[in-house]
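Position one of the sequence shown corresponds to residue 1 (the UniProt record's numbering), numbered consecutively onward. Each residue gets a CB set at the ideal place from its N, CA and C atoms; glycine is no exception. Take a look at the structure below.
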Amino acid sequence: MFDIRIICDLADEPDITRALTAAFDCDPIQRRPAHNGHRVRLYTKAFHPDPAALLNDAPETIEVGPTAWPTPEDAYATAPGITYEVAWTASTARTLTENPHGGDVDREYWLRKAALLDRIALEHEADGVRNGTDEIAAHAARQLIEIDQDGEGDYSGDPYWPEHPATLAHPRGYVRHEYAVWAENQ
C-alpha cells in the first residue's frame, strides 16, 4: 500500500479521479480544498497490484531516465553542522511563537527545517537505524512543497516545479535540489 496525494485544478479533478481509479486499486478518494482556493487536494491509499500480473504485462525492457536530484553529499556540501541547524531552527520557531504578530514563517525556515530533517534521516539510514525519521523527513519535505505550491514562486523550478509528479514522488529529492540552489545563492 502507498499514499497518493494530488493537487490539481478544479477542472481537472474528474479526469484525474477517473485515471487514478483506472490505474490503481485504491480506497475512496478524499477531496479537500487547497489553500489558494483555485485547486483541490485529492488523497487516497493505493494497493500494490499482484506481482504475477505485472510480469505478464511488463515490457521486455524498462527505460529509466537519469535522476535530476542532487546527491545528499552535493546538496549539503556547504551546509552548516546539524547541531547548528537544530539551534537555528529552534530559535526561529521560538521567536515566531513568542512574537506571533511578527509575521509568517518564511520559506527559508521551511527549507532549512526540511533539509535538517533529511540530513538526520540520512544519518540514521546510513547507520541502519529504522526509527521513522525517514517519514518525518518526507513529511517536512511535503510541507515545503506545499509552501512552494501556494507561495510566490520562490522555488527554482528547474528541472521540476512543486506540482510535478517527480517532485511528489520524491519529496526529499526536491528538498535536496532546492537546498542546493538556495545554498549556492547565499
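If I follow the unbroken alpha helix (DSSP H) through G181, where does it start and stop?
Looking up residue 181 in the sequence shown gives position 181. The amino acid at residue 181 is misidentified as Gly; the sequence shows Val. It spans P171 to E184 - the alpha helix (DSSP H) in which V181 sits, taken as one unbroken run.
Under a three-way DSSP split, which group does V86 fall into?
By one-based count along the sequence shown, residue 86 stands at place 86. Three-state DSSP puts V86 in a helix.
Between the segment 135-143 and the segment 110-117, do at least 3 Cβ pairs fall closer than 8 Å?
yes
Hey, out of I7, S91, Y76 and A180, whose CA is closest to H35's CA?
Start at 1 with the first residue of the sequence shown, and residue 35 comes out as number 35. It is I7 whose Cα lies nearest to the Cα of H35.
Contacting residues, own chain, Cβ-Cβ under 6 Å from P159 (five flanking each side not counted):
Mapped onto the sequence shown, residue 159 falls at position 159. The residues are A68.
By how many angstroms is the C-alpha of E98 removed from the C-alpha of P171?
As a working note, residue 171 is residue 171 in the sequence shown. As a working note, residue 98 is residue 98 in the sequence shown. In a straight line, the C-alpha of P171 is about 30 Å away from that of E98.
Which residues mark the beginning and the end of the alpha helix (DSSP H) in which L111 is found?
For the purposes of this step, residue 111 is taken as the residue at position 111 of the sequence shown. Per DSSP, L111 belongs to the alpha helix (DSSP H) from R107 to A126.
For L122, tell me which candidate among I82, A93 and R5 has the shortest Cα-Cα distance.
Here residue 122 refers to the residue found at position 122 when the sequence shown is read from its first residue. Nearest of I82, A93 and R5 to L122, Cα basis: I82.
Buried or exposed, going by whether 16 or more other CB atoms sit within 10 Å of the CB of A52?
Taking the sequence shown and counting its residues from 1, one reaches residue 52 at position 52. Residue placement at A52 is poorly supported in this model, since its pLDDT is 49, which falls under 50; the coordinates are not used for a value here.
Taking I16 as part of the alpha helix (DSSP H), name the residues at either end of that continuous run.
If you number the sequence shown from 1, residue 16 lands on position 16. Start and end: E13 to A23.
So, for I120: in the same chain, excluding its five sequence neighbours on each side, which residues have a beta-carbon less than 6 Å away from its beta-carbon?
Your numbering for residue 120 matches position 120 in the sequence shown. For I120, where only same-chain residues beyond five positions count, the Cβ hits under 6 Å are T133.
For L42 versus L10, is the C-beta spacing smaller than 9 Å?
On the sequence shown, residue 42 is found 42 positions in, with the first residue counted as 1. On the sequence shown, residue 10 is found 10 positions in, with the first residue counted as 1. No, the Cβ-Cβ distance between L42 and L10 is not below 9 Å.
So for A77, helix, strand or coil by DSSP?
The sequence position of residue 77 within the sequence shown is 77, counting from 1. Coil, per DSSP.
Would L96 pass as a contact of W182 if the rule is Cβ separation under 9 Å?
By 1-based counting over the sequence shown, the position of residue 96 is 96. By 1-based counting over the sequence shown, the position of residue 182 is 182. Not a contact, by the Cβ cut-off of 9 Å.
Give me the residue from C26, D148, E184 and D27 with the minimum Cα distance to Y109.
Counted from its first residue, the sequence shown places residue 109 at position 109. The shortest C-alpha separation from Y109 is found at D148.
Could you pull out every unbroken alpha helix (DSSP H) segment of at least 4 residues lying fully inside the segment 130-162, listed in chain order?
133-150
Of the residues V105, A180 and I145, which one's Cα is nearest the Cα of P165?
Residue 165 sits at position 165 when you count from the first residue of the sequence shown. Among V105, A180 and I145, the Cα nearest to that of P165 is on I145.
Can you tell me which of E178, E135 and L168 puts its alpha carbon nearest to the alpha carbon of G153?
Here residue 153 corresponds to residue number 153 of the sequence shown, with the count starting at 1. Of E178, E135 and L168, the residue nearest in Cα terms is E178.
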